[in-house]
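Novice:
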Amino acid sequence: MNKLDRKARAQILHLLCEGQSIRAITRLTGASKNTVAKLLVDAGHACAAYQDKTLRNLTCKRVQMDEIWSFVYAKAANVKGAKAAPASAGDVWTWTAIDADTKLIVSWLLGARDLDAAMAFTHDLESRIANRVQLTSDGHAPYLQAVDAAFGGEVDYAMLIKLYGAAPEAEVRYSPAKCIGARKEPKSGNPEWKHISTSYAERSNLTMRMHMRRFTRLTNAFSKKVENHAAAIALHTMYYNFVRIHQTLKVTPAMAAGVTDKLWEMEDLVVMLEQWELANFKPECQFVVRQYAIGKGHSVSVMWRGGEVDSVFGFQSENEALEWIKDKSRAWLIENGKKN
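Using our numbering, count along the sequence shown one by one with no gaps and you end on 329.
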């Protein structure tokens, strides 16, 4: 039975966080594609759970919201013609909220670009902030109802509506329309005029495209499964918030926001993943206590779903073997589990 050690897991996750594709990582590390993909999904679940618990009671003053487009399996226009397209195929949007002062990604949501997603996103954002905050979004209409429903009148909210001109004929395919201006529109409370901006949220979108290979346009690196897409986003936000030193702040956003007092290393992230695995691990095996055929003593046979069998020896009695299964088998499975 083989399992990646902590150093190897940290290296793979670091490469994923720095924009390498899964196939490139397999060439660089020698790990299999399935191993890298499973590690990404597990790390994504662990990062999402950790941040959901940790990013609470934040004292943000100014928060900017935006959405970034991507797709799973095929673009929306191509789903009908795609072979064996899953139900989740098509365009997906990542809604993000960033603290303008600490650059902390406070909340994110993967979903459609509709009112339901806006409602879920803003309610999650509101649950994480401990005080009145100034919000700025773009002119996307669902924000109006969603912000009002989530915050009521306890928010200073404004929209920054950008004005676009027609794109040159030759650049229509690859370039967005040229921005020719912006209009600030206060919507609730008393937002400070000079802080009505989405610049930090838009810069965060660029960082996401640069650090997640599946967000790169005009490539075949796009996500094939929505679960993997969500896992990549969760891992990126964990890396961005806790590990990567912000160039302007000289500390990580989580340190600037007072969420943590230390600079995380990738191995710290792996330790967090291991703790999540211990709490959520569901082994694909059964334990059977056996008595030695010759001599005294007992062993524990670990019977894996695929048919393989491992044995743990050295128990003086059946009760001792049963106590090991109860108290120590999870840690043993994490340490000696099958390589994926």
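Note that the Cβ used here is the ideal one computed from N, Cα and C, for glycine as well.
Which term fits Ser116, buried or exposed, when burial requires 16 or more other beta carbons within 10 angstroms of its beta carbon?
Specialist: Along the sequence shown, one-based indexing puts residue 116 at 127. The residue in question, Ser116, is exposed, as its Cβ has fewer than 16 Cβ neighbours within 10 Å.
Novice: Tell me which residues share the same chain as Val68 and place their Cβ nearer than 8 Å to its Cβ, disregarding the 5 neighbours each side in the sequence.
Specialist: If you number the sequence shown from 1, residue 68 lands on position 79. If we look at Val68 and ignore the five residues flanking it on each side, its Cβ neighbours are Tyr62, Ala74, Ala78, Gly79.
Novice: I'd like the list of long-range same chain contacts for Ala119, defined as Cβ closer than 7 Å, with 5 residues on each side in sequence excluded.
Specialist: For this step, residue 119 is matched to residue 130 along the sequence shown. Hits under 7 Å: Asn46, Leu47, Thr48.
Novice: What's the call for Thr237, buried or exposed, on a 16-neighbour Cβ count within 10 Å?
Specialist: Here residue 237 refers to the residue found at position 248 when the sequence shown is read from its first residue. It counts as exposed.
Novice: Look up Gly100 in the DSSP assignment and say whether it is helix, strand or coil.
Specialist: Translated into the one-based positions of the sequence shown, residue 100 becomes position 111. In this structure, Gly100 counts as strand in the three-state DSSP scheme.
Novice: Using a Cβ-Cβ cut-off of 6 Å (strictly less than) and excluding sequence neighbours within five positions of Asn329, which residues of its own chain qualify?
Specialist: On the sequence shown, position 340 is the one that residue 329 refers to. Because the pLDDT of Asn329 is 37, which lies under 50, any placement of that residue in the model is unreliable, and the question is left without a value.
Novice: Can you tell me the Cα-Cα spacing of Lys72 and Phe211, whole angstroms?
Specialist: Here the question's residue 72 lines up with position 83 in the sequence shown. Here the question's residue 211 lines up with position 222 in the sequence shown. Those two C-alpha atoms are separated by around 16 Å.
Novice: Which residue from Asn194, Gly128, Ala139 puts its Cα closest to that of Pro175?
Specialist: Taking the first residue of the sequence shown as position 1, residue 175 is located at position 186. Comparing Cα-Cα distances from Pro175 to each of Asn194, Gly128, Ala139, the minimum goes to Gly128.
Novice: Taking 7 Å as the limit between beta carbons, can you name the residues of its chain near Cys6, skipping five residues before and five after?
Specialist: Taking the sequence shown and counting its residues from 1, one reaches residue 6 at position 17. Closer than 7 Å at Cβ, skipping near neighbours: His200, Leu224, His225, Tyr228.
Novice: Would you decide whether Ile1 is buried or exposed? Buried here means 16 or more other CB atoms lie within 10 Å of its CB.
Specialist: Counting from 1 along the sequence shown, the entry for residue 1 is found at position 12. Burial call: buried.
Novice: Taking the straight line between their C-alpha atoms, what separation do you get for Val291 and Asn269?
Specialist: Here residue 291 refers to the residue found at position 302 of the sequence shown. Here residue 269 refers to the residue found at position 280 of the sequence shown. About 19 Å.
Novice: Taking the alpha helix (DSSP H) that Cys6 belongs to, which residues open and close that run?
Specialist: Walking along the sequence shown from the start, residue 6 turns up at place 17. Residues -5 to 6.
Novice: Applying the 10 Å Cβ sphere with the 16-neighbour rule, what's the burial state of Phe204?
Specialist: Here residue 204 refers to the residue found at position 215 when the sequence shown is read from its first residue. Its Cβ being crowded by 16 or more others within 10 Å, Phe204 is buried.
Novice: Looking at the structure shown, is Cys49 part of a helix, part of a strand, or coil, going by DSSP?
Specialist: Locating residue 49 in the sequence shown gives position 60, counting from the first residue. Reduced to three states, the DSSP call for Cys49 is coil.
Novice: Are Ser306 and Val289 close, meaning C-beta to C-beta below 8 Å?
Specialist: As a working mapping, residue 306 is identified with position 317 in the sequence shown. As a working mapping, residue 289 is identified with position 300 in the sequence shown. Contact flag unset, no.
Novice: Closest to Glu331 by C-alpha separation, out of Lys(-4), Gly8, Ala282, Val30, would be which residue?
Specialist: Any question about residue 331 goes unanswered here, given that the chain covers just -10 to 329.
Novice: Helix, strand or coil, according to DSSP, for Pro180 in the structure here?
Specialist: As a first step, residue 180 must be located in the sequence shown, where it is residue number 191. Three-state result, Pro180: coil.
Novice: Can you tell me whether Lys40 is buried or exposed, with buried defined as 16 or more other CB within 10 angstroms of its CB?
Specialist: For this step, residue 40 is matched to residue 51 along the sequence shown. What sits at residue 40 in the sequence shown is Gln, not Lys. That one is buried.
Novice: The beta strand (DSSP E) that contains Thr85, what's its start and end?
Specialist: Numbered from 1 along the sequence shown, position 96 holds the residue referred to as residue 85. Run containing Thr85: 79 to 88, per the beta strand (DSSP E) assignment.
Novice: Let's see if you can read the secondary structure: which residues bound the alpha helix (DSSP H) around Met255?
Specialist: What you label residue 255 is simply residue 266 of the sequence shown in a count that begins at 1. It spans 255 to 269 - the alpha helix (DSSP H) in which Met255 sits, taken as one unbroken run.
Novice: Applying the 10 Å Cβ sphere with the 16-neighbour rule, what's the burial state of Cys36?
Specialist: Counting from one through the sequence shown, the residue named residue 36 turns up at place 47. Cys36 comes out buried.
Novice: Quick one: residues in its chain with C-beta nearer than 8 Å to the C-beta of Gly170, no 5 flanking neighbours on either side, listed in chain order?
Specialist: The sequence position of residue 170 within the sequence shown is 181, counting from 1. Excluding residues within five positions, the ones whose Cβ falls inside 8 Å are Lys151, Leu152.
Novice: Where does Gln40 sit, in a helix, a strand or coil, going by DSSP?
Specialist: The count along the sequence shown starts at 1 and reaches residue 40 at position 51. Residue state, collapsed to three classes: helix.
Novice: Does the beta-carbon distance from Leu93 to Ala219 come in below 8 Å?
Specialist: In the sequence shown, the residue the question calls residue 93 occupies position 104. In the sequence shown, the residue the question calls residue 219 occupies position 230. Not a contact, by the Cβ cut-off of 8 Å.
Novice: Any idea what DSSP makes of Val232, helix, strand or coil?
Specialist: Locating residue 232 in the sequence shown gives position 243, where the first residue counts as 1. In this structure, Val232 counts as helix in the three-state DSSP scheme.
Novice: Which value, in whole angstroms, describes the spacing of the CA atoms of Val81 and Pro180?
Specialist: As a working note, residue 81 is residue 92 in the sequence shown. As a working note, residue 180 is residue 191 in the sequence shown. So the alpha carbons of these two residues sit roughly 30 Å apart.
Novice: To the nearest angstrom, how far is it from the Cα of Ala(-3) to the Cα of Asp250?
Specialist: Along the sequence shown, read from residue 1 onward, the residue named residue -3 stands at position 8. Along the sequence shown, read from residue 1 onward, the residue named residue 250 stands at position 261. Cα-Cα distance, rounded: 26 Å.
Novice: Who pairs with Gln275 in a beta bridge, going by DSSP?
Specialist: Taking the first residue of the sequence shown as position 1, residue 275 is located at position 286. Answer by DSSP bridge pairing, in chain order: Met292.
Novice: Could you tell me the distance, in whole angstroms, from the CA atom of Met(-10) to the CA atom of Val259?
Specialist: Against the sequence shown, residue -10 aligns to sequence position 1. Against the sequence shown, residue 259 aligns to sequence position 270. Interpretation of Met(-10) is limited by its pLDDT of 43, a score under 50 that renders its predicted location unreliable; the figure taken from the coordinates is listed afterwards. Going by the C-alpha atoms only, they are around 20 Å apart.
Novice: If Leu311 sits next to Val278, beta carbons under 8 Å apart, how far is it from one beta carbon to the other, in whole angstroms?
Specialist: Within the sequence shown, numbered from 1, the residue matching residue 311 stands at position 322. Within the sequence shown, numbered from 1, the residue matching residue 278 stands at position 289. With 8 Å as the limit, Leu311 and Val278 qualify as a contact, their Cβ atoms being about 6 Å apart.
Novice: For the beta strand (DSSP E) that Tyr153 lies in, which residues bound it at each end?
Specialist: Numbered from 1 along the sequence shown, position 164 holds the residue referred to as residue 153. That run of the beta strand (DSSP E) goes 145 to 153.
Novice: Where does Pro75 fall in DSSP's three states?
Specialist: Counting from one through the sequence shown, the residue named residue 75 turns up at place 86. DSSP places Pro75 in coil when its eight states are reduced to three.
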